[in-house]
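Note sheet for the following structure.
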Amino acid sequence: MPPIVLVLNGPNLNLLGTREPATYGHETLADVAALCGRSAEQLGLKLEFRQTNHEGELLDWIHGARTRCAAIVINPAAWTHTSVAIRDALVASELPVIEVHLSNVHAREPFRHHSFVSPVAKAVLAGFGSHGYHLALEHFSQMLKGRDQ
Numbered sequence: 001m002p003p004i005v006l007v008l009n010g011p012n013l014n015l016l017g018t019r020e021p022a023t024y025g026h027e028t029l030a031d032v033a034a035l036c037g038r039s040a041e042q043l044g045l046k047l048e049f050r051q052t053n054h055e056g057e058l059l060d061w062i063h064g065a066r067t068r069c070a071a072i073v074i075n076p077a078a079w080t081h082t083s084v085a086i087r088d089a090l091v092a093s094e095l096p097v098i099e100v101h102l103s104n105v106h107a108r109e110p111f112r113h114h115s116f117v118s119p120v121a122k123a124v125l126a127g128f129g130s131h132g133y134h135l136a137l138e139h140f141s142q143m144l145k146g147r148d149q
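Counting with this note's numbering, you get residues 1 to 149 for the letters of the sequence shown.
What follows is the structure in structure tokens.
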């Protein structure tokens, strides 16, 4: 059975493709999910891809991943800068985490420069657009095969 990687997306990402395309691009969340699905298949991973605008739901998904999944890729979106609860849930999951952002958050408004997730993540990918998700999955594939720690 291939290892499961949980890909989580936070608030407003359901609006990708129509919300601020100059910042986030023209791809929809369905496009990102399809890219992740293709990447996971090529890399020998099983993928669960989810998005929510409700923080409690995201926390429940993280808690549920603890015993089922091998890793978490997360784009916490606005919760990156506000949620200690998500940070604590990621730590409690005891899973490796990669934080992904479509845009380069460090080239944007100052309030976006702080992340509660980054200090507990194995890596942070920002500014690669949807390709960042592929890079995260690729890293976890290598890590789970014991080729990269």
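Backbone N, C-alpha and C fix where the C-beta goes; we use that ideal spot for every residue, glycine too.
Close beta carbons around L43, own chain, < 7 Å, minus the five adjacent residues each side: Cβ within range, chain order: L137, E138, S141.
Residues that DSSP places opposite Q51 in a beta bridge: Beta-bridge pairing links Q51 to N9.
Nearest-angstrom Cβ-Cβ length linking I86 and F128, presumed shorter than 8 Å: Contact annotation, I86 with F128: C-beta distance approximately 21 Å; criterion of less than 8 Å not satisfied.
Host beta strand (DSSP E) of A123 (start-end): Its beta strand (DSSP E) spans residues 123 to 126.
Strand pairing of V32, partner residues [DSSP]: Listed as beta-bridge partners of V32 by DSSP are no residues whatsoever.
Alpha-carbon to alpha-carbon, V124 and H150: Examination of residue 150 is not possible in this model, given that the chain is present from 1 through 149 alone.
Alpha carbon of V32 to alpha carbon of V73, nearest angstrom: If you take the alpha carbons of V32 and V73, they lie about 13 Å apart.
Whether A92 touches H63 by CB criterion (9 Å): Yes. Within cutoff.
Beta-carbon gap between G25 and L102 smaller than 9 Å: Less than 9 Å divides the Cβ of G25 from the Cβ of L102.
Reduced DSSP category for L70 - H, G, I as helix; E, B as strand; rest coil: Per the sequence shown, the amino acid found at residue 70 is Ala instead of Leu. Here A70 sits in coil by DSSP.
As assigned by DSSP and simplified to three states, the class of N104: Residue state, collapsed to three classes: coil.
Outcome for L15 when other beta-carbon atoms lying within 10 angstroms are tallied against a minimum of 16: So L15 ends up on the exposed side.
Nearest-angstrom Cα separation, counted from A22 out to T28: Inter-residue distance for T28 and A22 is about 13 Å (C-alpha atoms, whole angstroms).
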